[in-house]
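K.L.:
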Amino acid sequence: MAERHRREEVPQASSALDDKGRALELLLPGVLAEFEPEIVSTVNLVAATVKPHDISAVCRVAKEDPKLSFDYLMCLCVVDYVEHLQVVYHLYSTTLNHMMVLKANVSPDEPSLPSVTPLWVGADWYERESHDLFGVSFEGHPNMAPLLLYEGFEGYPGRRDFEMPEYREW
Amino acid sequence: MVDINTEGQLDTVQMMVNMGPQHPSTHGVFRMVLWVDGERIVDLEPHIGYLHRGSEKLCEGELYAQIVTLFDRLDYISNLNNEMVFCRAVEKLMGLEVPERAEYIRVILCELNRVASHLLFSGTFGIDAGAMTPIMYAFRDREKIQTMFEAVTGARMMHNYIRIGGVKGDVPDDFSQRMGALLKELRQGIDETDRLLSFSEIFLARTKGVGVINAETAIAYGMSGPSLRACGVPMDVRKDEPYSVYDRFDFGIPIGEKGDSWDRYYVRVMEMRQSMLIIEQALEQMPDGPTITPSRLVLRPPQGEVYVRGENPRGEIGVYLVSNGADKPYRVKVRPPSFCNLMAIKELLKGTYIADAVVILGSLDIVLGEVDR
Amino acid sequence: MSALETLLLVSVILGVLTGLSVVVLSLTWLERKFLGRMQMRMGPTRSGPYGLLQPVADAIKLMAKEDLLSSWVDRVVYWVAPLAVFIPTFMIWVTIPIAKDLVIQNMEMGLFYIIAFSVLSIVGLVTAGWASSNKYAVIGGFRAAAQLISYEIPLILAVLGVVMLAQSMNLQKVVDQQDTVVYALIQPLGLVIFFIAGLAELGRTPFDIHPAESEVVGGPFVEYSGAHWSVFFLAEYINTFAIASLTVLLFLGGWLFPGVSDDVSALGVLVFLVKTYMVILVIFWVRGTYPRLRIDQLMSLGWKVLVPLAFVNVIITAVYKFYEWPAWSLTIMSVAILVAVVWELSRRMRTAPTPEYTVKLYVPVSEVSNAG
Numbered sequence: 001m002a003e004r005h006r007r008e009e010v011p012q013a014s015s016a017l018d019d020k021g022r023a024l025e026l027l028l029p030g031v032l033a034e035f036e037p038e039i040v041s042t043v044n045l046v047a048a049t050v051k052p053h054d055i056s057a058v059c060r061v062a063k064e065d066p067k068l069s070f071d072y073l074m075c076l077c078v079v080d081y082v083e084h085l086q087v088v089y090h091l092y093s094t095t096l097n098h099m100m101v102l103k104a105n106v107s108p109d110e111p112s113l114p115s116v117t118p119l120w121v122g123a124d125w126y127e128r129e130s131h132d133l134f135g136v137s138f139e140g141h142p143n144m145a146p147l148l149l150y151e152g153f154e155g156y157p158g159r160r161d162f163e164m165p166e167y168r169e170w
Numbered sequence: 001m002v003d004i005n006t007e008g009q010l011d012t013v014q015m016m017v018n019m020g021p022q023h024p025s026t027h028g029v030f031r032m033v034l035w036v037d038g039e040r041i042v043d044l045e046p047h048i049g050y051l052h053r054g055s056e057k058l059c060e061g062e063l064y065a066q067i068v069t070l071f072d073r074l075d076y077i078s079n080l081n082n083e084m085v086f087c088r089a090v091e092k093l094m095g096l097e098v099p100e101r102a103e104y105i106r107v108i109l110c111e112l113n114r115v116a117s118h119l120l121f122s123g124t125f126g127i128d129a130g131a132m133t134p135i136m137y138a139f140r141d142r143e144k145i146q147t148m149f150e151a152v153t154g155a156r157m158m159h160n161y162i163r164i165g166g167v168k169g170d171v172p173d174d175f176s177q178r179m180g181a182l183l184k185e186l187r188q189g190i191d192e193t194d195r196l197l198s199f200s201e202i203f204l205a206r207t208k209g210v211g212v213i214n215a216e217t218a219i220a221y222g223m224s225g226p227s228l229r230a231c232g233v234p235m236d237v238r239k240d241e242p243y244s245v246y247d248r249f250d251f252g253i254p255i256g257e258k259g260d261s262w263d264r265y266y267v268r269v270m271e272m273r274q275s276m277l278i279i280e281q282a283l284e285q286m287p288d289g290p291t292i293t294p295s296r297l298v299l300r301p302p303q304g305e306v307y308v309r310g311e312n313p314r315g316e317i318g319v320y321l322v323s324n325g326a327d328k329p330y331r332v333k334v335r336p337p338s339f340c341n342l343m344a345i346k347e348l349l350k351g352t353y354i355a356d357a358v359v360i361l362g363s364l365d366i367v368l369g370e371v372d373r
Numbered sequence: 001m002s003a004l005e006t007l008l009l010v011s012v013i014l015g016v017l018t019g020l021s022v023v024v025l026s027l028t029w030l031e032r033k034f035l036g037r038m039q040m041r042m043g044p045t046r047s048g049p050y051g052l053l054q055p056v057a058d059a060i061k062l063m064a065k066e067d068l069l070s071s072w073v074d075r076v077v078y079w080v081a082p083l084a085v086f087i088p089t090f091m092i093w094v095t096i097p098i099a100k101d102l103v104i105q106n107m108e109m110g111l112f113y114i115i116a117f118s119v120l121s122i123v124g125l126v127t128a129g130w131a132s133s134n135k136y137a138v139i140g141g142f143r144a145a146a147q148l149i150s151y152e153i154p155l156i157l158a159v160l161g162v163v164m165l166a167q168s169m170n171l172q173k174v175v176d177q178q179d180t181v182v183y184a185l186i187q188p189l190g191l192v193i194f195f196i197a198g199l200a201e202l203g204r205t206p207f208d209i210h211p212a213e214s215e216v217v218g219g220p221f222v223e224y225s226g227a228h229w230s231v232f233f234l235a236e237y238i239n240t241f242a243i244a245s246l247t248v249l250l251f252l253g254g255w256l257f258p259g260v261s262d263d264v265s266a267l268g269v270l271v272f273l274v275k276t277y278m279v280i281l282v283i284f285w286v287r288g289t290y291p292r293l294r295i296d297q298l299m300s301l302g303w304k305v306l307v308p309l310a311f312v313n314v315i316i317t318a319v320y321k322f323y324e325w326p327a328w329s330l331t332i333m334s335v336a337i338l339v340a341v342v343w344e345l346s347r348r349m350r351t352a353p354t355p356e357y358t359v360k361l362y363v364p365v366s367e368v369s370n371a372g
């Protein structure tokens, strides 16, 4: 049963962008042209993939450009695709009421990105959490102390190759 | 911290006080290390992570239907809202249509959960300020709501009722009458607690002007929900990006002006009344029909990713779901509202008194279950 | 002193201690039941009929509890502090009459003696906070010191107002002077000041910032457990009873009641106890209703509002006495001042005449109401 399923092609989710998403999809290649983004649409959002060292500049453009004005950082997370780690930023604009996704791929051996805390203070704990759970380091972060895990924890539990500890039955 | 010399007066030493993981007023296992000069807080450092259970990692090893129970336990006071946002994420990814009756039942239960959560907030906020009576009234009303939940979902908390594709089962036959009676009792109860606490002079002295945050700072921190609306920013997912059937109801959102603790408290009291308005309209409009779109137990959504926002009682919850076509999700990330609200605590508490620290922390209405996940 | 007199003294002391303990037990039961009923719940019901044996159960529990002592407390001070709190509260009862001629030792300077002794227990609280070697206890101790010292002044001045009316510090004479009109009617301002300052002296809500349970978790008492803590507990309730009795004696006519002859001691005691328990119920009622004030708000209330009011009270009493105006003039002056102060305070706290709504309902303009 599982084999048959593996041989079948994995279906892709269909895109369901609304008007604002489509408008953004047309707008983004122009505004972010210097960073050569890769614009894809996920199911309901527009995603732009940029190079890791550009993240700070891209976020600044996203925040300050009047057509974008993403002044609210919704979420910052890391997804572990085994060959690379993908840092995902979800941005929202309170004035224009649209959302986009920014992605950056870093290598799992030396994951390092510039921090966006100068732009959005609320990125502080997200970056600490990503560092705890995935080992991604953010340059320029004011205080990279462990947030969710205790000091001295070895390993990065968020990664897919983290072995869940076997608990002994008493 | 070393001696500070205040303009040639007495040499004072700052004292480090640990409002530790065990404290009656930190609303969960939350640790704040305060450096105080007398009664004034000079510096503080929050420590979270005492309730970290690795929920997001656990989700990667469970079937989609099983994850609903995990989401129940994130923000353990507004269970149904959490379930709803996850089920909406999966439904959006799969393009699954939910029957209308199920949508209405979901909205009614989520709004009732919002009332229950705000009742708990107003009771515990009263205790933080020192009033020991409002919590008894609030919990009496909460008991009535939980009895209604038990009748509909089978459990007082941790309902596991909103499933992918709809809701688990239909509501009891006398649901409308019982809800009508319940809403009447709730209105009286809320008015009673309101009269007792909201405009009491001592309460106003404790909360007005305490813990003020302005709108730009709040948005920079990513605050959401009643804490942000109290600063004057009219952000509410139910109005900005109406999901489910929220666009069919006529309700307002309370907006504050000053961004202090009293505004945060009163926004929630008014929200309770608006929620009851929504429930009444939903009860009238609810059609008959099926309550779930049948789907396989072992769901295999298509490959893709989706980010869905919902309005929790505490703020805006977001679920980022990445699927690679398997029966278990590839990555589930929860964007908890209390996490972002709590980030502002350092700025809110500097320069206030220890007694104010308790009131401000209470007014943010955090639940450590979702801060730590 | 002969052996008989020593024996008499010891038995009197034991008798007073027993009586006060019985009163304290009844007060704990009353508080829990009364607060419970106000909060829509039952209060104790299991131990004994109507929970009447609950205080006994509490006492047994407190005695049987393990007396934990951290290793770094200051042993001597830790043991002395509860005594320093308890003994003054007990010594006050030497001169409080509960009926005509029913007092251990009536003194001509009775009120002076009472006030002098009640101040001593503050030392006990501060040393308890210090000896516990716990930062929360120290914070609570400092708060207690600041609060209790500042509220002594309005208390003393309110008592001074009564002394000026009665022209004597002898408590029995004060009560005897109230056989026509109680002083509460003549000097309502004094009653209000005395009651509020008394509440603050007791450390009861809304002035219970120093043992605030939701912040410093017990303040100076946090490290005390079992029998040690029960001494503090006893002292607090005896103090409550003392303040209530003083209110009754000074302002509400003591054991006098129209139509009841005051020669019969038992009836006098009964009237006195009924009045005192009524005042105590009001104290419990306030506890259930109000949140607590922050320490700086408390201090500003004490120094900026109550102290000037107390001085004004003394002045208008002096004026009334000097010009020998009729008694109701003092009533009118007191009430006028009270109303003016309450109005001004409420206006400053922005609650009167209508509360200031800073939260409004907002309905977005672009809302589309779909008819389904």
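Chain order of the listed sequences is P, H and W.
Heads up: the first sequence begins at 1 in our numbering, then just goes up one per residue.
Heads up: the second sequence begins at 1 in our numbering, then just goes up one per residue.
Heads up: the third sequence begins at 1 in our numbering, then just goes up one per residue.
Note that CB positions come from ideal geometry on N, CA and C, so glycine has one too.
From the DSSP output, in three-state form, read off serine 244 (chain H) for me.
P.N.:
Indexing the second sequence from 1 puts residue 244 (chain H) at position 244. DSSP places serine 244 (chain H) in coil when its eight states are reduced to three.
K.L.:
Between the C-alpha atoms of glycine 15 (chain W) and proline 88 (chain W), what's the straight-line distance to the nearest angstrom?
P.N.:
Sequence index remark: in the third sequence, residue 15 (chain W) carries index 15 (1-based). Sequence index remark: in the third sequence, residue 88 (chain W) carries index 88 (1-based). Cα to Cα, the separation comes out at about 17 Å.
K.L.:
Quick check on this structure: which residue in H:Lys184, H:Ala181, H:Phe203, H:Gly154 has the alpha carbon closest to the alpha carbon of isoleucine 360 (chain H)?
P.N.:
Counting from one through the second sequence, the residue named residue 360 (chain H) turns up at place 360. Selected option, being the one with the closest Cα: H:Phe203.
K.L.:
Kindly indicate the opening and closing residues of the alpha helix (DSSP H) around alanine 146 (chain W).
P.N.:
Counted from its first residue, the third sequence places residue 146 (chain W) at position 146. Its alpha helix (DSSP H) spans residues 135-166.
K.L.:
Give the DSSP-derived three-state secondary structure of phenylalanine 153 (chain P) in the structure shown.
P.N.:
Position 153 of the first sequence, counted from the start, is the residue given in the question as residue 153 (chain P). Phenylalanine 153 (chain P): coil per DSSP, three-state reduction.
K.L.:
Which of the residues in the segment 51-63 of chain H, read from start to end, lie with their CB under 9 Å from any CB of chain P?
P.N.:
Under the 9 Å Cβ criterion, the segment 51-63 of chain H contributes His52, Gly54, Glu56, Lys57, Glu60, Gly61.
K.L.:
Can you pull the chain H neighbours of proline 11 (chain P), defined as C-beta to C-beta under 8 Å?
P.N.:
By 1-based counting over the first sequence, the position of residue 11 (chain P) is 11. Those are Pro302, Gln303, Gly325, listed as they occur along chain H.
K.L.:
Under the DSSP definition of a beta bridge, which residues are partnered with leucine 9 (chain W)?
P.N.:
For this step, residue 9 (chain W) is matched to residue 9 along the third sequence. Bridge partners of leucine 9 (chain W): none, in fact.
K.L.:
Glycine 95 (chain H) versus chain P: which residues are under 8 Å apart at the beta carbon?
P.N.:
In the second sequence, the residue the question calls residue 95 (chain H) occupies position 95. Those within 8 Å of glycine 95 (chain H) in chain P are Ala13, Ser14, Ala16.
K.L.:
Is leucine 182 (chain H) helix, strand or coil when you go by DSSP?
P.N.:
The residue labelled residue 182 (chain H) in the question sits at position 182 within the second sequence. Residue state, collapsed to three classes: helix.
K.L.:
Can you tell which of P:Tyr81, P:Leu91, P:Asp109, P:Val61 has its C-alpha closest to the C-alpha of glutamate 34 (chain P)?
P.N.:
Position 34 of the first sequence, counting from 1, holds the residue named residue 34 (chain P). Among P:Tyr81, P:Leu91, P:Asp109, P:Val61, the Cα nearest to that of glutamate 34 (chain P) belongs to P:Val61.
K.L.:
On the criterion of 16 or more Cβ atoms from any shown chain inside 10 Å, does serine 346 (chain W) qualify as buried, or is it exposed?
P.N.:
As a first step, residue 346 (chain W) must be located in the third sequence, where it is residue number 346. The residue in question, serine 346 (chain W), is exposed, as its Cβ has fewer than 16 Cβ neighbours within 10 Å.
K.L.:
Identify every residue that forms a DSSP beta bridge with lysine 333 (chain H).
P.N.:
Taking the second sequence and counting its residues from 1, one reaches residue 333 (chain H) at position 333. DSSP, once it has assigned bridges, lists H:Tyr320 as partnering lysine 333 (chain H).
K.L.:
Relative to the alpha-carbon of leucine 157 (chain W), which residue among W:Phe194, W:Gln172, W:Ser133, W:Ala227 has its alpha-carbon at the smallest distance?
P.N.:
Residue numbering aside, residue 157 (chain W) sits at position 157 when the third sequence is read from its first letter. Here the closest residue by C-alpha is W:Phe194.
K.L.:
Would you please state the rounded distance, in angstroms, between the beta carbons of tyrosine 50 (chain H) and aspartate 372 (chain H)? I believe it to be under 8 Å.
P.N.:
By 1-based counting over the second sequence, the position of residue 50 (chain H) is 50. By 1-based counting over the second sequence, the position of residue 372 (chain H) is 372. So it is a contact: roughly 7 Å between Cβ atoms.
K.L.:
Evaluate serine 71 (chain W) with the Cβ neighbour count: other Cβ atoms within 10 Å of its Cβ, from every protein chain shown; 16 or more gives buried, anything less gives exposed.
P.N.:
In the third sequence, the residue the question calls residue 71 (chain W) occupies position 71. Looking at its Cβ environment, which holds fewer than 16 other Cβ atoms inside 10 Å, serine 71 (chain W) is exposed.
K.L.:
Name, in chain order, the residues that DSSP records as bridge partners for aspartate 37 (chain H).
P.N.:
If you number the second sequence from 1, residue 37 (chain H) lands on position 37. Answer is H:Arg40, bridged to aspartate 37 (chain H).
K.L.:
Can you have a look at tryptophan 285 (chain W) and say buried or exposed, based on whether 16 or more other CB atoms are within 10 angstroms of its CB?
P.N.:
Counted from its first residue, the third sequence places residue 285 (chain W) at position 285. So tryptophan 285 (chain W) counts as exposed.
K.L.:
Considering only their Cβ atoms, is the gap separating proline 290 (chain H) from proline 99 (chain H) smaller than 8 Å?
P.N.:
The residue you call residue 99 (chain H) lines up with position 99 of the second sequence. The residue you call residue 290 (chain H) lines up with position 290 of the second sequence. In contact: proline 99 (chain H) and proline 290 (chain H) (Cβ atoms closer than 8 Å).
K.L.:
Examine the Cβ distances between the segment 306-317 of chain H and the segment 333-345 of chain H and report whether three or more of them are shorter than 8 Å.
P.N.:
Yes: the two stretches touch, three or more of their Cβ pairs being nearer than 8 Å.
K.L.:
Distance cutoff 8 Å, beta carbons only. Does valine 13 (chain H) sit that close to anything in chain W?
P.N.:
Numbered from 1 along the second sequence, position 13 holds the residue referred to as residue 13 (chain H). Chain W contact via Cβ: absent.
K.L.:
Give me the Cα-Cα distance between glycine 226 (chain W) and methionine 272 (chain H), rounded to the nearest whole angstrom.
P.N.:
For the purposes of this step, residue 226 (chain W) is taken as residue 226 along the third sequence, with counting starting at 1. For the purposes of this step, residue 272 (chain H) is taken as residue 272 along the second sequence, with counting starting at 1. Going by the C-alpha atoms only, they are around 43 Å apart.
K.L.:
Which residues in chain H sit within 7 Å of cysteine 59 (chain P), going by Cβ to Cβ distance?
P.N.:
By 1-based counting over the first sequence, the position of residue 59 (chain P) is 59. Under the 7 Å cutoff, chain H gives no residues; its nearest Cβ is about 13 Å from cysteine 59 (chain P).
K.L.:
For methionine 99 (chain P) and tyrosine 92 (chain P), what's the separation of their Cα atoms in angstroms?
P.N.:
On the first sequence, position 99 is the one that residue 99 (chain P) refers to. On the first sequence, position 92 is the one that residue 92 (chain P) refers to. Whole-angstrom Cα-Cα distance: 4 Å.
K.L.:
Rounded C-beta distance between valine 73 (chain W) and serine 133 (chain W)? I'm assuming under 8 Å.
P.N.:
Taking the first residue of the third sequence as 1, we reach residue 73 (chain W) at position 73. Taking the first residue of the third sequence as 1, we reach residue 133 (chain W) at position 133. That pair is a contact at about 5 Å.
K.L.:
Between the C-alpha atoms of histidine 159 (chain H) and lysine 239 (chain H), what's the straight-line distance to the nearest angstrom?
P.N.:
Start at 1 with the first residue of the second sequence, and residue 159 (chain H) comes out as number 159. Start at 1 with the first residue of the second sequence, and residue 239 (chain H) comes out as number 239. Using only the alpha carbons, I get a separation of about 26 Å.
K.L.:
If you scan the segment 82-163 of chain P from start to end, which runs of the alpha helix (DSSP H) of 4 or more residues do you find wholly inside it?
P.N.:
Runs found: 123-134.
K.L.:
Considering just the uninterrupted stretch of the alpha helix (DSSP H) at asparagine 18 (chain H), what are its terminal residues?
P.N.:
Your numbering for residue 18 (chain H) matches position 18 in the second sequence. Note, asparagine 18 (chain H): premise wrong, no alpha helix (DSSP H); beta strand (DSSP E) at 15-19.
K.L.:
What runs of the alpha helix (DSSP H), each 4 residues or longer, lie entirely inside the segment 48-124 of chain W?
P.N.:
Listed in chain order, the complete alpha helix (DSSP H) runs (minimum 4 residues) inside the segment 48-124 of chain W are 54-64, 75-91.
K.L.:
I'd like the list of long-range same chain contacts for histidine 47 (chain H), defined as Cβ closer than 6 Å, with 5 residues on each side in sequence excluded.
P.N.:
Stepping through the second sequence from its first residue, residue 47 (chain H) is reached at position 47. Result list for histidine 47 (chain H): Arg31, in chain order.
K.L.:
Which partner residues of cysteine 77 (chain P) appear in the DSSP bridge assignment?
P.N.:
In the first sequence, the residue the question calls residue 77 (chain P) occupies position 77. Partner(s): P:Val88.
K.L.:
Taking the CB atoms as reference points, tell me whether proline 336 (chain H) and leucine 74 (chain H) lie closer together than 8 Å.
P.N.:
Within the second sequence, residue 336 (chain H) is the residue found at index 336, counting from 1. Within the second sequence, residue 74 (chain H) is the residue found at index 74, counting from 1. In contact: proline 336 (chain H) and leucine 74 (chain H) (Cβ atoms closer than 8 Å).
K.L.:
Taking just the CA atoms, how far does arginine 140 (chain H) sit from proline 355 (chain W)?
P.N.:
Position 355 of the third sequence, counted from the first residue, corresponds to residue 355 (chain W). Position 140 of the second sequence, counted from the first residue, corresponds to residue 140 (chain H). Any reading at proline 355 (chain W) must be qualified, since the residue scores a pLDDT of 49, below 50, and its modelled position is unreliable; no value is offered.
K.L.:
Could you give the distance in angstroms between the alpha-carbon of leucine 4 (chain W) and the alpha-carbon of isoleucine 114 (chain W)?
P.N.:
Within the third sequence, the letter at position 4 stands for residue 4 (chain W). Within the third sequence, the letter at position 114 stands for residue 114 (chain W). If you take the alpha carbons of leucine 4 (chain W) and isoleucine 114 (chain W), they lie about 28 Å apart.
K.L.:
Which partner residues does proline 46 (chain H) have in the DSSP bridge list?
P.N.:
Residue mapping note: residue 46 (chain H) aligns to position 46 of the second sequence, counting from 1. Paired residues: H:Met32.
K.L.:
Give a yes or no on whether the minimum CB-CB distance between cysteine 231 (chain H) and chain P is below 8 Å.
P.N.:
To locate residue 231 (chain H), count along the second sequence from 1; it is residue 231. It does not; no Cβ of chain P falls within 8 Å.
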